[in-house]
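**Q** Input: one structure, supplied below.
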Amino acid sequence: MAQARVYVTLKKGILDPQGEAVKNALHTLGYGNIDEVRVGKYVVLTLQDSSDSEALKNTVEEICKKVLTNPVIEDFSFEIVEG
Amino acid sequence: MAQARVYVTLKKGILDPQGEAVKNALHTLGYGNIDEVRVGKYVVLTLQDSSDSEALKNTVEEICKKVLTNPVIEDFSFEIVEG
Amino acid sequence: MENSNTTPLWRTLGLTDLEYEQIVSGLGREPNFTELAMFSVMWSEHCAYKNSKPLLKMLPSKGQRVMQGPGENAGVLDIGDGLALVMKIESHNHPSAVEPYQGAATGVGGIVRDIFAMGARPVVLMDSLRFGSLGEGRTNYLFEQVVAGISDYGNCIGVPTVGGEIYFQDCYQKSPLVNALCAGIVEQDKMQTGKASGVGSPVLIVGATTGRDGIGGASFASQELGEDAEEKLPSVQVGDPFMEKLLIEACLEAYETGFVVAVQDMGAAGITSSASEMAARGEVGMELNLDCVPLRAEGMAAHEILISESQERMLLVVEKGKEDQIKQIMEKWGLHAAIMGRVTDDGWLRVCYHGEVVAQLPAQLLAEGAPQYIREGIPSEHLKDIQDLDVTALQPPADLECTLLELLKSPNIASKAWVFEQYDHMVRTDTVVRPGSDAAVVRIKGKHQALAFTTDCNATYCFLDPYEGAKAAVVEAARNLSMVGAEPIGITDCLNFGNPEDPAVYWQMQRCIEGIRDACQVLNIPVVSGNVSLYNETELGPIFPTPVIGCAGLIPDVSRVCTMGLKDDGDVVLVLGE
Amino acid sequence: MKTFGIIVLPGSNCDSDCFYAVRDYLNQDAQYVWHEERNLDKYDVLMIPGGFSYGDYLRPGALARFSPAVDALVKEAEKGKLVVGICNGFQVLTELGLLPGALMRNKNLKFICKYVDVQVENAHTPFTSRLKMGQTIKLPVAHKDGNYYVDEDTLQQLKKNGQVVLRYSEDVNGSVDRIAAVTNRQGNVVGMMPHPERACDPLLGSSDGMYILGSMLDHLLKGGF
Ligand SMILES: Nc1ncnc2c1ncn2[C@@H]1O[C@H](COP(=O)(O)OP(=O)(O)O)[C@@H](O)[C@H]1O
Chain A
136 MAQARVYVTL
146 KKGILDPQGE
156 AVKNALHTLG
166 YGNIDEVRVG
176 KYVVLTLQDS
186 SDSEALKNTV
196 EEICKKVLTN
206 PVIEDFSFEI
216 VEG
Chain B
136 MAQARVYVTL
146 KKGILDPQGE
156 AVKNALHTLG
166 YGNIDEVRVG
176 KYVVLTLQDS
186 SDSEALKNTV
196 EEICKKVLTN
206 PVIEDFSFEI
216 VEG
Chain C
24 MENSNTTPLW
34 RTLGLTDLEY
44 EQIVSGLGRE
54 PNFTELAMFS
64 VMWSEHCAYK
74 NSKPLLKMLP
84 SKGQRVMQGP
94 GENAGVLDIG
104 DGLALVMKIE
114 SHNHPSAVEP
124 YQGAATGVGG
134 IVRDIFAMGA
144 RPVVLMDSLR
154 FGSLGEGRTN
164 YLFEQVVAGI
174 SDYGNCIGVP
184 TVGGEIYFQD
194 CYQKSPLVNA
204 LCAGIVEQDK
214 MQTGKASGVG
224 SPVLIVGATT
234 GRDGIGGASF
244 ASQELGEDAE
254 EKLPSVQVGD
264 PFMEKLLIEA
274 CLEAYETGFV
284 VAVQDMGAAG
294 ITSSASEMAA
304 RGEVGMELNL
314 DCVPLRAEGM
324 AAHEILISES
334 QERMLLVVEK
344 GKEDQIKQIM
354 EKWGLHAAIM
364 GRVTDDGWLR
374 VCYHGEVVAQ
384 LPAQLLAEGA
394 PQYIREGIPS
404 EHLKDIQDLD
414 VTALQPPADL
424 ECTLLELLKS
434 PNIASKAWVF
444 EQYDHMVRTD
454 TVVRPGSDAA
464 VVRIKGKHQA
474 LAFTTDCNAT
484 YCFLDPYEGA
494 KAAVVEAARN
504 LSMVGAEPIG
514 ITDCLNFGNP
524 EDPAVYWQMQ
534 RCIEGIRDAC
544 QVLNIPVVSG
554 NVSLYNETEL
564 GPIFPTPVIG
574 CAGLIPDVSR
584 VCTMGLKDDG
594 DVVLVLGE
Chain D
236 MKTFGIIVLP
246 GSNCDSDCFY
256 AVRDYLNQDA
266 QYVWHEERNL
276 DKYDVLMIPG
286 GFSYGDYLRP
296 GALARFSPAV
306 DALVKEAEKG
316 KLVVGICNGF
326 QVLTELGLLP
336 GALMRNKNLK
346 FICKYVDVQV
356 ENAHTPFTSR
366 LKMGQTIKLP
376 VAHKDGNYYV
386 DEDTLQQLKK
396 NGQVVLRYSE
406 DVNGSVDRIA
416 AVTNRQGNVV
426 GMMPHPERAC
436 DPLLGSSDGM
446 YILGSMLDHL
456 LKGGF
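Keeping their order, the protein sequence lines are chains A, B, C and D. Quick note: to get this note's numbering, add 135 to the position in the first sequence (first position is 1). Quick note: to get this note's numbering, add 135 to the position in the second sequence (first position is 1). Quick note: to get this note's numbering, add 23 to the position in the third sequence (first position is 1). Quick note: to get this note's numbering, add 235 to the position in the fourth sequence (first position is 1).
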């Protein structure tokens, strides 16, 4: 089993209404030291292990591009954890 | 500036309809080697630096519990990156 | 059967000693653990109406239009032209108190399944909500999350939420009420029932996989929410509205084949309730094999599979030999459909798992054998003091304009657009009168007639005088319908009360039901379905008695609908009545 | 009689709204197209209706891309056939890349269902020819993710090319430049958040949606592809 942990974030410069709302809520609650909040997605894929770690990486990359993100508004990064 | 990266996931055993739907889509696309998909949240907080890293950690922990997660169905973890 | 400390197991599962004795004598032996778990959910207040059934018998349920009264998944009324209206209301109070978003969402999911279980396409949703005062405690959070839950679920399945009501009052501070009403339309000859028949007919479980969600949820809902409510959290169910939408379409398509013998949704108590109730209604038995149930969690025990409250599942009995056709339809919609048993002729529910018989119970005993409690209601002592108000002694407010503005500011009176704009109330393009009016009106494409819906209850009136208050709720509902031009034709009621073991609460329930009965008799409106939610109390005390009346009306000609907005300059204003 | 194909995706829920609008108000042939269909030759217009295809999971419209009918629709669009995406359909079309931009969560983070006023920004499209430049019409919106985003450069191009078709008269959901509907560069594919198909009968509050459906019909009758 391998686990791919994918982090999807809104591109820099794109307004994040959800993040704004969280930030405002935090300020109201007295957490004045929060400058910015950005809300993205955390996707965990559990994959059948492949002996070829390069291939695995390519697959995950492809999945991120094709399905998990919308390139117009989102960036992604990922890491693969064996186990 | 410090950055807190918060990972929010659904508790084990809690149904993740979104993850299921993504998994099915991936299978349709021919990625048969995906066993499970779980979709969570990835929240990035930018905080004014505090000299006291213990205090910072406590603040983030508190924010996670009070605002960022619903303890009934979600778990969280986080890391703090200085910079 | 005792567990390690000395409390007998049945008590930890919520059954009384007397109830346990009844089980043993009904069975002629002690139940095993799996069987006891099944009894504990089926004989819970939530499923068995132990405290309310005798009172509910008072309600008039007959009438020319009534095709199905209480006793099925939902009530059915003849609305002419070969069509029938199916309707029911249901509470999801306790789950919403714990996890408001999912609690409200799954409440909607549950009531919608009741409607299409009768063969009808769901066409209308309504929600009747009660919270504590805004700005206090968790109220704002509960309120926002409940509305979001209803919005996300109802909008996704494409059933318009056309109305409802909301009150903010301190007595609901820790016991919010979330009641959801659904109505559907079916061609009369395509009505379905939950009555199993045909020895050998296969039993199919359709829809979502079964996990550990909401195990014990039904008995949980029948207990007062104590301080440790959050501890009981693992039983939270998560709704999947997308799955529900597929289930609606797939089931309606399956009914078209004519091969579906009986169908029931799996609400509280899951497989146990649907299988035993379908068998009991049809006076047949059922043999179930749990190895065939598609599971989501690993290592589930028999009792967990049997009482799991995983959402978006239906149990279908299908004509022998036609199972493949039905399975094909389900697969077309991307749904699991597994044959998990067959109908037998002996009235027993026999359950196998891993090659062993794990439970063997008479379906009737399980579904209908719970004891009924007739209690003595005693009005609370200080009710008299509250009722003794000398209105003539009250001073009229000095500044009427100011008072009017104060009133309009009250969240109970102010516009509810914040809520209903979050609900898709226009999908299906039949909503003729949208939220914000006395009653919502929905047309039926291609027909002259239209339907009107309202939910009403003023709990303060019911607290001050349960009998008059409940009567007033019925009358208000009828009035709201007549305002849009509809004749009231049927009621579905959701009776929300505190702990019935408290004589003062029991009395409230008794008097409210009498009030509904008398008003219905005078107005000639039958009660065709309903729901009872008890134990709505916390350390803050019981809620006000809240018998929510959902009422449907028939408008003979959709072009004659009347709305409340003022129309033209110079129109005459009349006051009717006294 | 023109044939309008209405793509039924798992989770579509305005498919019947489109169907009745086309059949009963436009008096044309409306047909449901199951999402596994691969040949969409016979339809004169293709509509992707509103709803929550695949539950709107991940991102609204994201998973619908993988249905065979949507694949086929892309090919028909490339040939120049009229394609309309309403609400969830708009989201699908942007996810496909047939239309520029993306639809994000509404600014207030909530679902919004109400009538809104929209202005016609380009009356010279197959979808708006029955309207005048600047004309205001009343249409319902019902969405949670209608906040249209494009970057500044693309926005300038859209404006220059006349691809912005409808704008909200007031800010409804946070959309860039209050954009409510856009077409592709060629002008045969349109995506819109407001629901014209829900506004075909004055009994329900507005029949302004008929301008849009009617414009499409005119286009086809004039021999347009
Ligand atoms: N207040 C009520 N008035 C009339 N009928 C009721 C009322 N409460 C419940 N019923 C009827 O009792 C039956 C069982 O209730 P139901 O809510 O369906 O149980 P479940 O918990 O399985 O959904 C239904 O037929 C319902 O219509």
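Glycine included, each C-beta is placed from N, C-alpha and C at the ideal position.
Just by C-beta distance, which residues in the segment 106 to 136 of chain C are closer than 9 Å to chain B?
**A** Within the segment 106 to 136 of chain C, the residues whose Cβ lies closer than 9 Å to some Cβ of chain B are Val121, Glu122, Tyr124, Gln125, listed in chain order.
**Q** Using the beta-carbon count (16 or more within 10 Å), is serine 224 of chain C buried or exposed?
**A** By the 10 Å Cβ count, serine 224 of chain C comes out buried.
**Q** Could you check which residue in C:Ser297, C:Leu427, C:Phe282 has the C-alpha nearest to that of methionine 289 of chain C?
**A** Nearest C-alpha to methionine 289 of chain C: C:Ser297.
**Q** Quick one: any contact between the segment 141 to 153 of chain C and the segment 205 to 222 of chain C, if contact means 3 or more CB pairs under 8 Å?
**A** Output reads yes: the segment 205 to 222 of chain C touches the segment 141 to 153 of chain C.
**Q** Our contact map puts glutamine 602 of chain C next to proline 489 of chain C with C-beta atoms below 8 Å; I'd like the distance itself, whole angstroms only.
**A** Since the first and last residues shown for chain C are 24 and 601, residue 602 of chain C lies out of range.
**Q** To the nearest angstrom, how far is the alpha carbon of alanine 252 of chain C from that of lysine 197 of chain C?
**A** Model confidence at alanine 252 of chain C stands at a pLDDT of 46, short of 50, so the residue's coordinates are unreliable; what they give is reported in the following sentence. Answer to the nearest angstrom: the Cα atoms are 11 Å apart.
**Q** What number of angstroms, rounded off, separates the C-alpha of methionine 337 of chain C from the C-alpha of valine 286 of chain C?
**A** Approximately 7 Å, taken between the alpha carbons.
**Q** Just the Cα atoms here: how many angstroms apart are leucine 166 of chain C and valine 185 of chain C?
**A** Going by the sequence as given, residue 166 of chain C is phenylalanine instead of leucine. Cα-Cα distance, rounded: 18 Å.
**Q** For the beta strand (DSSP E) containing glutamine 287 of chain C, list its first residue and its last residue.
**A** First-last of the beta strand (DSSP E) with glutamine 287 of chain C: 283 to 288.
**Q** Quick check on the burial criterion: 16 or more other C-beta atoms within 10 angstroms. Buried or exposed for phenylalanine 243 of chain C?
**A** Below a pLDDT of 50, predicted positions are generally treated as unreliable, and phenylalanine 243 of chain C, at 47, falls in that range; the measurement from the model is reported next regardless. By the neighbour-count rule (16 or more Cβ atoms within 10 Å), phenylalanine 243 of chain C is buried.
**Q** Name the residue from C:Ser552, C:Gly593, C:Asp368 whose alpha carbon lies nearest to the alpha carbon of valine 99 of chain C.
**A** Among C:Ser552, C:Gly593, C:Asp368, the Cα nearest to that of valine 99 of chain C belongs to C:Ser552.
**Q** Looking at the unbroken alpha helix (DSSP H) that takes in tryptophan 441 of chain C, where does it start and where does it end?
**A** Residues 440 to 443.
**Q** Can you list, in chain order, the residues of the segment 169 to 181 of chain A whose Cβ is nearer than 7 Å to any Cβ on chain B?
**A** Listed by position along the chain: Ile169, Asp170, Glu171, Val172, Arg173, Val174, Gly175, Lys176, Tyr177, Val178, Val179, Leu180, Thr181.
**Q** Determine, for alanine 137 of chain A, whether the minimum Cβ-Cβ distance to residues of chain D falls below 7 Å.
**A** It does not: the Cβ of alanine 137 of chain A has no partner Cβ on chain D nearer than 7 Å.
**Q** DSSP beta-bridge partners for glutamate 209 of chain A?
**A** BP columns for glutamate 209 of chain A point to A:Leu145.
**Q** At what residue ranges does the segment 297 to 336 of chain D contain a whole run of the beta strand (DSSP E), taking only runs of 3 or more?
**A** Those beta strand (DSSP E) runs which fall completely within the segment 297 to 336 of chain D and span 3+ residues are 317 to 321.
**Q** Listed from N- to C-terminal order along the chain, which residues in the segment 183 to 210 of chain A have their beta-carbon within a distance smaller than 8 Å of any beta-carbon of chain D?
**A** Result list: Val202, Leu203, Asn205, Val207, Ile208.
**Q** Within the same chain, show all residues whose beta-carbon is closer than 6 Å to that of serine 410 of chain D, passing over the 5 residues directly before and after it, in chain order.
**A** Closer than 6 Å at the Cβ level, and outside the excluded window around serine 410 of chain D, lie Asn382, Tyr383.
**Q** Shorter than 7 Å from the beta carbon of arginine 235 of chain C to some beta carbon of chain B?
**A** Taking Cβ atoms only, chain B reaches closer than 7 Å to arginine 235 of chain C, which makes this a yes.
**Q** Skipping 5 residues on each side, what residues in its chain have a beta carbon closer than 8 Å to that of leucine 182 of chain B?
**A** Only Met136, Ala137, Gln138, Ala139, Leu191, Thr194, Val195 meet the Cβ criterion.
**Q** Do aspartate 479 of chain C and alanine 500 of chain C have their beta-carbon atoms positioned less than 7 Å apart in this structure?
**A** Yes, the pair counts as a contact, with Cβ atoms nearer than the cut-off.
**Q** Between leucine 244 of chain D and chain B, is any beta-carbon pair separated by less than 7 Å?
**A** Closer than 7 Å: no.
**Q** Using a beta-carbon distance below 7 Å, is valine 157 of chain B in contact with chain D?
**A** Yes, because at least one Cβ of chain D sits closer than 7 Å to the Cβ of valine 157 of chain B.
**Q** If I follow the unbroken alpha helix (DSSP H) through histidine 69 of chain C, where does it start and stop?
**A** Segment 68 to 71, the alpha helix (DSSP H) holding histidine 69 of chain C.
**Q** DSSP three-state label for methionine 282 of chain D, please.
**A** Methionine 282 of chain D falls in the strand class under three-state DSSP.
**Q** For glutamate 25 of chain C, count the other beta carbons within 10 Å of its own beta carbon; 16 or more makes it buried, fewer makes it exposed. Which is it?
**A** Note on glutamate 25 of chain C: pLDDT 45, under 50, position unreliable in the model; no value is reported.
**Q** Could you give the DSSP three-state label for glutamate 171 of chain B: helix, strand or coil?
**A** Correct three-state label for glutamate 171 of chain B: strand.
**Q** Tell me which residues share the same chain as cysteine 205 of chain C and place their Cβ nearer than 6 Å to its Cβ, disregarding the 5 neighbours each side in the sequence.
**A** If we look at cysteine 205 of chain C and ignore the five residues flanking it on each side, its Cβ neighbours are Ile134, Val135, Ile138, Pro145, Leu148.
**Q** Kindly give me the distance between the Cβ atoms of alanine 231 of chain C and glutamate 300 of chain C, rounded to whole angstroms, as I take these residues to be in contact under 8 Å.
**A** Alanine 231 of chain C to glutamate 300 of chain C, Cβ: 20 Å. No contact.
**Q** Do the segment 308 to 322 of chain C and the segment 38 to 50 of chain C touch if we need at least three Cβ pairs shorter than 8 Å?
**A** With the cut-off at 8 Å, the segment 308 to 322 of chain C and the segment 38 to 50 of chain C do not touch.
**Q** Check this for me: beta carbons of valine 340 of chain C and valine 222 of chain C, under 7 Å apart or not?
**A** Not closer than 7 Å, so no.
**Q** I'd like to know if the segment 84 to 92 of chain C and the segment 526 to 542 of chain C are in contact, where contact means that at least 3 CB-CB pairs between them fall below 8 Å.
**A** No, the segment 84 to 92 of chain C is not in contact with the segment 526 to 542 of chain C.
**Q** Using a Cβ-Cβ cutoff of less than 8 Å, which residues in the same chain neighbour glycine 105 of chain C once the five nearest sequence positions on both sides are dropped?
**A** The residues are Glu210, Gln211, Asp212.
**Q** With a cut-off of 7 Å, does the C-beta of leucine 150 of chain B fall near any C-beta of chain C?
**A** It does; some Cβ of chain C falls within 7 Å.
**Q** Secondary structure at tryptophan 530 of chain C, three-state DSSP: helix, strand or coil?
**A** Here tryptophan 530 of chain C sits in helix by DSSP.
**Q** Check each residue of the segment 265 to 295 of chain D: if its Cβ is closer than 8 Å to any Cβ of chain B, include it; give the result in chain order.
**A** Of all residues in the segment 265 to 295 of chain D, Tyr289, Gly290, Tyr292, Leu293 have a Cβ within less than 8 Å of some Cβ in chain B.
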